[in-house]
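Taken in order, the sequence shown gives residues 3 to 98; the numbers are from the numbering used here.
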Amino acid sequence: MDRNLRNIILWLLVGSKGGRTRVRILKLIKERPANVHQISKELGLNYRTVKYHLGLMLEHRIVEKVGEDYGAIYIPSRGVEENWDEIEKIIGVNER
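Take a look at the structure:
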């Protein structure tokens, strides 16, 4: 895994206050790409909360957005997909 990606994962998903929420969102879209409304409904989170966390992950290239506006679908970025096994190990430590 690229050192930069590892540092971003450690900071964004493990070392910051909203990390657990971002992990839940990332795991969901890894399993099934979804829009903000679908994610908020599935995880029982506020729409704006989901939008905020997706925005952070988008900014740091953890997720990608396919489409525009309300119906845009979020998917894990290519780097996340390619390094998923290692990312799971990192975020798995955070879930204990």
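Glycine included, every Cβ here is placed at the ideal spot set by N, Cα and C.
Listed as beta-bridge partners of LYS29 by DSSP are no residues whatsoever.
Between LEU60 and LYS67, the beta carbon gap of about 6 Å places them in contact (Cβ cut-off 8 Å).
Distance from the CA of ASN48 to the CA of ARG22, rounded to the nearest whole angstrom, comes to 15 Å. Secondary structure of LYS19 (DSSP, three-state): coil. TYR76 sits buried, since 16 or more C-beta atoms from the chains shown fall within 10 Å of its C-beta. Counting along the chain, the unbroken alpha helix (DSSP H) around GLU83 starts and ends at 80 to 84. For GLU66, the enclosing beta strand (DSSP E) stretches over residues 65 to 68. Residue burial annotation: ARG24 is buried, with at least 16 other C-beta atoms found within 10 angstroms of its C-beta.
If you look at ARG8, you'll find it in the alpha helix (DSSP H) that goes 5 to 11.
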